[in-house]
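Inspection log for the structure reproduced underneath, given as structure tokens.
Numbering (our numbering), first residue to last: 18 to 220.
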């Protein structure tokens with residue numbers, strides 16, 4: 018019989034003379050199925066990408082939802098990790114820091130509760146791309162684009178090599194083949210990377 022189902026009954030008596038009239042109707046319902054907390058997910062894996070990680074796991078019998086817990090330190094638990102609820106496999110977590118390892122555990126849940134955590138999986142996001150002068154302001158520099166350095170936190174040496182300053186950098190010394198560096202900048206003795214080159218003023 019089906020669980021959680023009501024069944025209705027009548028009874029008759031039978032002998033050689035025939036069958037009696039039916040009894041009054043009675044009914045009864047079968048019990049609801051017993052729901053147990055699901056097991057820990059198996060086959061948990063993680064794969065890193067550009068500012069994202071894809072987490073996969075095998076389905077668990079009786080589970081109706083899954084939760085992911087993650088951290089940037091190994092040994093993540095349901096207490097220490099940040100929680101992602103109602104995740105589906107594969108789950109792609111985006112907006113992560115570049116060049117960073119993330120650690121994950123997965124749990125299965127249903128109406129009876131949340132099960133034990135899976136074994137830990139980890140993956141590293143891709144390292145940030147190498148920065149060159151052209152990354153920030155093109156080669157040769159375009160008007161106004163050199164100010165991008167200030168937003169990214171790059172130092173003079175990123176584009177000009179070690180030992181260069183506002184008085185030594187010019188069209189001949191600028192790295193990556195950049196040309197037409199402003200003479201008003203490299204000739205000025207009072208302008209430094211912090212006060213001018215990497216400030217808000219355009220070239």
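Using N, Cα and C, we set each Cβ at its ideal position, and we do this for glycine too.
The three-state secondary structure of residue 130, taken from DSSP, is strand.
In the three-state reduction of the DSSP assignment, residue 21 falls in the coil class. The three-state secondary structure of residue 85, taken from DSSP, is strand. In the structure shown, residue 97 falls within a coil segment according to DSSP collapsed to helix, strand and coil. Exclusion of the five residues before and after residue 55 leaves 77, 79, 80, 125, 127, 132 as the residues of its chain whose Cβ lies within less than 6 Å of its Cβ. Rounded to the nearest whole angstrom, the CA to CA distance from residue 52 to residue 129 is 6 Å. Put simply, the region 63-71 touches the region 134-145. At least three CB pairs are less than 8 Å apart. Using a Cβ distance threshold of 7 Å, residue 46 and residue 121 do not count as a contacting pair.
Between residue 38 and residue 29, the alpha-carbon positions lie close to 6 Å from each other. In the structure shown, residue 118 adopts extended strand secondary structure according to DSSP, grouped into three states.
A straight-line Cα-Cα distance of about 17 Å links residue 87 and residue 59. Annotation: the continuous beta strand (DSSP E) that includes residue 109 extends over 108-111.
In the displayed model, residue 92 falls within coil according to three-state DSSP, outside both helix and strand. In this chain, the beta strand (DSSP E) harbouring residue 66 covers 62-66.
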